[in-house]
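Visitor:
Number of protein chains: 2
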Amino acid sequence: MISGIEKILSGEARAVARAISKVEDGVGDAAELMKAVFAHTGRAVVIGITGSPGAGKSSLVDKLALLYRQRGERVGIVAVDPSSPFSGGAILGDRIRMQTLGLDRGVFIRSMATRGNLGGLARATVDAVAILDAAGYDKVIVETVGVGQDEVEIVKTADVSVVVLVPGMGDDIQAIKAGIMEIGDVFVINKADREGVLRTEKELEALLSLAMRPDYWQPPIIKTVATESKGIDDLAAAIEKYYEYQRRTEASAERRHAIARWRILELLRERLLARTLAADSASERLDQLAAEVADKRRDPYSAVETLMEKPEAGSQKPE
Amino acid sequence: MISGIEKILSGEARAVARAISKVEDGVGDAAELMKAVFAHTGRAVVIGITGSPGAGKSSLVDKLALLYRQRGERVGIVAVDPSSPFSGGAILGDRIRMQTLGLDRGVFIRSMATRGNLGGLARATVDAVAILDAAGYDKVIVETVGVGQDEVEIVKTADVSVVVLVPGMGDDIQAIKAGIMEIGDVFVINKADREGVLRTEKELEALLSLAMRPDYWQPPIIKTVATESKGIDDLAAAIEKYYEYQRRTEASAERRHAIARWRILELLRERLLARTLAADSASERLDQLAAEVADKRRDPYSAVETLMEKPEAGSQKPE
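Which chain is which? The protein sequence lines are A and B, in order.
Residues 429 to 747 (the working numbering) make up the first sequence, in order.
Residues 429 to 747 (the working numbering) make up the second sequence, in order.
(1) Closer than 7 angstroms by beta-carbon distance: list the chain A residues that pair up with B/Leu717, in chain order.
(2) Below 9 angstroms between beta carbons is the criterion; list the residues of the stretch 695-706 of chain B that meet it against any residue of chain A, in chain order.
(3) Please identify the residue among A/Val535, A/Thr553 and A/Asp532 whose C-alpha is closest to the C-alpha of A/Ala541.
(4) Verify the CB distance criterion: does B/Ala710 have a CB-CB separation below 8 angstroms to chain A?
(5) List the residues of chain B whose Cβ lies closer than 7 angstroms to the Cβ of A/Lys463, in chain order.
(6) Cβ-heavy atom distance between B/Glu720 and the ligand ATP below 7 angstroms?
(7) Three or more C-beta pairs under 8 angstroms: does that hold for the stretch 490-501 of chain B against the stretch 627-646 of chain B?
(8) Can you tell me whether DSSP reads B/Met640 as helix, strand or coil?
(9) For A/Lys450, report the span of its alpha helix (DSSP H) as first-last.
(10) From the beta carbon of B/Val721, is the nearest beta carbon of chain A less than 8 angstroms away?
(11) Answer with yes or no whether the minimum CB distance from B/Phe466 to chain A is below 8 angstroms.
(12) What's the C-alpha gap between B/Thr734 and B/Val503?
(13) Please check the pair B/Leu701 and B/Val616, which I expect to be a contact at CB under 8 angstroms, by giving their CB distance rounded to whole angstroms.
(14) Suppose contacts are defined by Cβ-Cβ distances below 8 angstroms. Is B/Ile558 in contact with B/Ile475 by that definition?
(15) Name the residue from A/Val444, A/Ala483 and A/Glu694 whose alpha carbon lies nearest to the alpha carbon of A/Pro595.
(16) Could you tell me whether any Cβ in chain B is nearer than 8 angstroms to the Cβ of A/Lys724?
(17) Going by other Cβ atoms of all chains shown within 10 Å of its Cβ, with 16 needed for buried, is A/Tyr589 buried or exposed?
(18) Can you check whether the C-beta of B/Gly470 is within less than 8 angstroms of a C-beta belonging to chain A?
(19) The stretch 434-460 of chain B: which residues have C-beta closer than 9 angstroms to a C-beta of chain A, in chain order?
(20) Identify, in the order they occur along the chain, each residue of the same chain with its Cβ nearer than 6 angstroms to the Cβ of A/Ser657, setting aside the five sequence neighbours on each side.
(21) Are the CB atoms of B/Val732 and A/Leu663 within a distance shorter than 8 angstroms?
(22) Short of 8 angstroms in beta carbon distance, which residues of its chain neighbour B/Tyr673, apart from the five on each side in sequence? Order them along the chain.
(23) For the candidate residues B/Glu682, B/Phe536 and B/Lys450, whose alpha-carbon lies nearest to that of B/Ala441?
(24) Taking three-plus beta-carbon pairs below 8 angstroms as touching, is the stretch 719-731 of chain B in contact with the stretch 680-700 of chain A?
(25) Does B/Arg423 come out as helix, strand or coil in the three-state DSSP assignment?
(26) How far does the beta strand (DSSP E) with A/Arg538 in it reach, from first residue to last?
(27) Quick one: give me the first and last residue of the beta strand (DSSP E) that B/Thr478 is part of.
(28) Just verifying my parser: in three-state terms, what is the DSSP assignment at B/Lys435?
(29) So, helix, strand or coil for A/Ala507, using DSSP?
(30) In this structure, what does DSSP give as the bridge partners for B/Ser711?
(31) Just the C-alpha distance for A/Thr572 and A/Val614, rounded to the nearest angstrom, thanks.
(32) Does the CB of A/Met736 have a neighbour CB from chain B at under 8 angstroms?
(33) Tell me the rounded alpha-carbon separation between B/Gly470 and A/Ala556.
(34) Could you tell me which uninterrupted alpha helix (DSSP H) segments, each at least 4 residues in length, are contained entirely in the stretch 609-682 of chain A, listed from first to last along the chain?
(35) Can you give me the Cβ contacts of A/Thr655 inside the same chain, cut-off strictly under 6 angstroms, excluding the 5 residues immediately before and after it?
Listed below in structure tokens is the structure:
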């Protein structure tokens, strides 16, 4: 029996919160929980939102969530907080702004922090999204500061990926370049009451016109002023439109396959490391080897070979 | 015999470039090469430089490299390019500016791109730094767009970590918060001819005064205008000062231990995954499992268990 699975499926917030903590820590029956949850996923529309620090992502997420609430939908929000110098505080700080939203029982908000040695932030985030999906949230919004590779991967797993820019990025628009073509299904120029919005729009249009998407979708550019709730309807409409579009295309099946493959590899990487480190005295040996490498008495490659040679945890048989 | 190891140690640029490609791809005798290289590392001063897109990191790196060259030192530059929407193009684009530097035989410039399935960008970057170190480069500068967790980890492995800010970040200074305390040994406010430099400096000072560093170092704040070569001397002096300081502290030994531990885990994670995927028909089975997960006929956790049960590469036993 999976403890609390019925409560999760009936959307009970405390059971959902506990389940997310479980997959975040990766302990106990997290794997059994996810196996049980998985069959109930696929109903939510998962929206990934990314952009530079200061682009106003959190305001945008707040307003989008409010709009969905007004339509009677339940909304889950997962904010990825990589605890990095440039973003660590932002998401948590911004969550203070969401206190009103947080009191709404139709909204579930969760920050995901950097994982420890085993990695797995991306895996844990995708699991949290699956739990919210299974718990009956109609929309699940994943917010990341999307500059690192893990953060980009997370946004790629969404049904619809939204990239948020601001006017007057100047040289930064150059910095966006090719990679963005792959990831953005919908583009937002937030703070669109600022100077330079037309120039940013033109530059973005020029960049997008060069893109060759496998699904032939032409990503729209939506202008918003999130703090004044302007353009949020347009954004919701664009998200909806792409969501409907992608369901009908062949590219969508390929994307689902790529996401599944990526999920398996992320999880496999984490599990293999956990199994090796769970071996008898592995953590003492790791510390010892780290000391030897730090003193240059041993190189890291030899250290890893030593760790890989040893039998694994719980194994009684010779392998 | 390790092919080319003598050429690497004598600093031959082509041998160095080939060696870095080898560790980037992780193929062939990459492990043997790194084992041979490792004993010759530890002489270079490794400087990590990170900051938001648009902070002018590349100009700063260029000017710092020029300064070291004027002092007769050889400089290696490793630019981490995570191919993400916000940074992918910037580093490569900026490298065009470095054409003059690139023609200088005392400077070695290399961009590291995102790795494939196996991950390992951070591991490959640290290996590239070790190769440049062994090849006799006096200074090795690692430049990252430091918002993702991998990128932050890379900068942490440097002897001296430099965090670059710009004036008028406004709300973004809030976004910097706690995490930055751990990572920055030297702070730079670049584009210091812009409005708001005093305010940014005050805010940063306030943040830094709250920091509790294990080594009691008070990170200096250096103001630069990299495009006009202003403040570069001060930056070099601050880097030098921290480098000398940290060599004398206990915290330095702990830091080296933590870095060694992190390197071992990064490499172990990559190697374990590679071993599993090298098993007979593993890639076909991965594709098959991904298809089942994509169609929701199977959950990712069960898929991973299936992959982990199978005997590993080189095994002769029936599957």
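C-beta atoms are modelled at their ideal positions from N, C-alpha and C, and glycine is treated no differently.
Guide: Considering the structure as presented:
(1) Ile692
(2) Residues passing the 9 angstroms Cβ filter: Leu695, Leu696, Arg697, Glu698, Arg699, Leu700, Leu701, Arg703, Thr704 and Leu705.
(3) A/Thr553
(4) no
(5) Asp727, Tyr729 and Ser730
(6) This structure lacks the ligand ATP; in fact it carries no ligand of any kind.
(7) no
(8) coil
(9) Residues Ala441 to Asp453.
(10) It does; some Cβ of chain A falls within 8 angstroms.
(11) It does; some Cβ of chain A falls within 8 angstroms.
(12) 48 angstroms
(13) Wrong, their Cβ atoms sit about 37 angstroms apart, outside the cutoff.
(14) One point to set straight first is that residue 558 of chain B is Ala, not Ile, in the sequence displayed. Not in contact: B/Ala558 and B/Ile475 (Cβ atoms no closer than 8 angstroms).
(15) The option with the nearest alpha carbon to A/Pro595 is A/Ala483.
(16) yes
(17) First, the amino acid is wrong: residue 589 of chain A is Ser here, not Tyr. With 16 or more other Cβ atoms within 10 Å, it is buried.
(18) At least one chain A Cβ lies under 8 angstroms of B/Gly470.
(19) Ala458, Ala459 and Glu460
(20) Lys491
(21) no
(22) Asp643 and Trp645
(23) B/Phe536
(24) yes
(25) The structure shown does not extend to residue 423 of chain B, since chain B is modelled only from 429 to 747, so the question has no answer here.
(26) Val535 to Ala541
(27) Val473 to Gly479
(28) helix
(29) strand
(30) Under DSSP, no beta-bridge partner is assigned to B/Ser711.
(31) 15 angstroms
(32) For A/Met736, a Cβ of chain B is located within less than 8 angstroms of the residue's own Cβ.
(33) 42 angstroms
(34) DSSP runs (the alpha helix (DSSP H)) wholly in the stretch 609-682 of chain A: 625-637 and 660-675.
(35) Ser487
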